[in-house]
Every structure is written in C-alpha cells, then in structure tokens.
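Trainee: Just remember that the numbering used here sits 19 ahead of the position in the sequence shown, which is counted from 1. A virtual CB, placed ideally from N, CA and C, is assigned to each residue, including glycine. Just so we're clear, the structure is a prediction, and the values are computed from it rather than from any experiment. This is the structure I have questions about; it appears just below.
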Amino acid sequence: MIETAAKYLAEALEHVRPADLDAPTPCTEWTVRDLLAHLGDATAVLLEAADGAVDVEPRFGGPVLARARLLAAGGVPRGPVRIGDRELDGDLLDAAGALELAVHGWDLNTALGRIDPIPETLALQLLSAGLPVDRPEFAPATTPPPTATAAGRLLSSLGRDDHAESAA
20 MIETAAKYLA EALEHVRPAD LDAPTPCTEW TVRDLLAHLG DATAVLLEAA DGAVDVEPRF
80 GGPVLARARL LAAGGVPRGP VRIGDRELDG DLLDAAGALE LAVHGWDLNT ALGRIDPIPE
140 TLALQLLSAG LPVDRPEFAP ATTPPPTATA AGRLLSSLGR DDHAESAA
C-alpha cells in the first residue's frame, strides 16, 4: 500500500512551486509549507523504519519528493519495526504510512487546485485495514454522500469534505 500512496504523493509534490507555499490546505490551520514540513518528518520516519528501527527523535533532512520516490520504489520493511522500546508490525506500519501519505497527498493536490483522487484500489485497502480514524490529529468525520467512492468515504472518515469523490 505504501508504495502506491508514496507514488501518489510524489506526483502531487512535483506540482508544488514556491508561490504555493503559503496557500491554505484542507487542514484549516496548515499552509502548503506546514504540510511539506509534516511530510518531511513522516517520510523520514518511514524511510528510517526500512532499517527495522525508528529513532524516537527523528531528524529532518533531505527533500520530501526524494523520500516519497524512495518509498514508492519499495523502501518499507515487511517485518516488525522497533520504535523506541516497542515493536510495530510491518503490515500496520505499511497501512498507517500509506494512510498518512495518501491523505496528505490529496490535501496537497487540493491546496494546489488539482483534481487527482486517491487511487480507488488504495482507498479500498485503507478502508479495510482497520486503522482507527477517530484520532485527535484528524478533523471529525463528515458524512459522505450516498454515491461516494471509496476515496470519498476514506476522506470523509478523516474529516475531509470533498463531494467530488463520488461516483457519477
């Protein structure tokens, strides 16, 4: 999953221009600049996890696009990953990382005025992964329209409101 999500994110990142950095995102308190900083941290942690362990104090460095491309090329572990004194199942990391990259890829596309939905197959996989979505870092869930695609239902579960993600 994470490879597909990272590819989707990388495609969105290729469209960011300096003039876009102060544009608002669907995360109402974030600009594109804030979102890129967050994605920098997220992609750094996911790449670090490829070595089987994550430093609990991640370091920022390197361009987000390069990291997204590395993740898209399969830079994620399939076995357990140590995070501090805990161990995380590789499949759970794959799903959680894919959710992070895909949804923020959609946020970035939306901030840039691009209509590029989360791939439907990926959205279906993320919906069936059983990840908790009622977390404080996400906005409260919205009600998707009856014709919502899997991508639309996923976005609604994370407080995003895009009725364009409906089947025609």
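Tell me which residues share the same chain as Trp125 and place their Cβ nearer than 6 Å to its Cβ, disregarding the 5 neighbours each side in the sequence.
Mentor: As a working mapping, residue 125 is identified with position 106 in the sequence shown. Excluding residues within five positions, the ones whose Cβ falls inside 6 Å are Ile137.
Trainee: Please determine whether the Cβ atom of Pro99 lies at a distance below 7 Å from any heavy atom of the ligand HEM.
Mentor: Ligands are entirely absent from the displayed structure, and the ligand HEM is therefore not among its contents.
Trainee: Pop quiz: Leu84 and Leu32 are said to be a contact at Cβ under 8 Å. What is the actual Cβ separation, rounded to whole angstroms?
Mentor: For the purposes of this step, residue 84 is identified with residue 65 of the sequence shown, where counting begins at 1. For the purposes of this step, residue 32 is identified with residue 13 of the sequence shown, where counting begins at 1. With a Cβ gap of about 4 Å, Leu84 and Leu32 count as contacting.
Trainee: Measure the alpha-carbon distance for Leu40 versus Asp113 and round it to whole angstroms.
Mentor: Along the sequence shown, one-based indexing puts residue 40 at 21. Along the sequence shown, one-based indexing puts residue 113 at 94. Straight-line Cα distance between these residues: approximately 28 Å.
Trainee: Decide yes or no for the touch test of the stretch 152-172 against the stretch 87-106: beta carbon pairs closer than 8 Å, at least 3 of them.
Mentor: No: fewer than three Cβ pairs fall under 8 Å.
Trainee: In the DSSP assignment, what are the bridge partners of Ala29?
Mentor: Within the sequence shown, numbered from 1, the residue matching residue 29 stands at position 10. BP columns for Ala29 are empty, so no partner.
Trainee: Taking the Cβ atom as the reference point for each residue, do Ala167 and Ser176 lie within a distance shorter than 8 Å?
Mentor: Residue numbering aside, residue 167 sits at position 148 when the sequence shown is read from its first letter. Residue numbering aside, residue 176 sits at position 157 when the sequence shown is read from its first letter. No, they are not a contact pair.
Trainee: Could you check where the alpha helix (DSSP H) with Val83 kicks off and where it finishes?
Mentor: Indexing the sequence shown from 1 puts residue 83 at position 64. That run of the alpha helix (DSSP H) goes Val83 to Ala91.
Trainee: Would you mind stating whether His123 and Leu173 have Cβ atoms separated by less than 8 Å?
Mentor: Along the sequence shown, read from residue 1 onward, the residue named residue 123 stands at position 104. Along the sequence shown, read from residue 1 onward, the residue named residue 173 stands at position 154. No, the pair does not count as a contact, with Cβ atoms beyond the cut-off.
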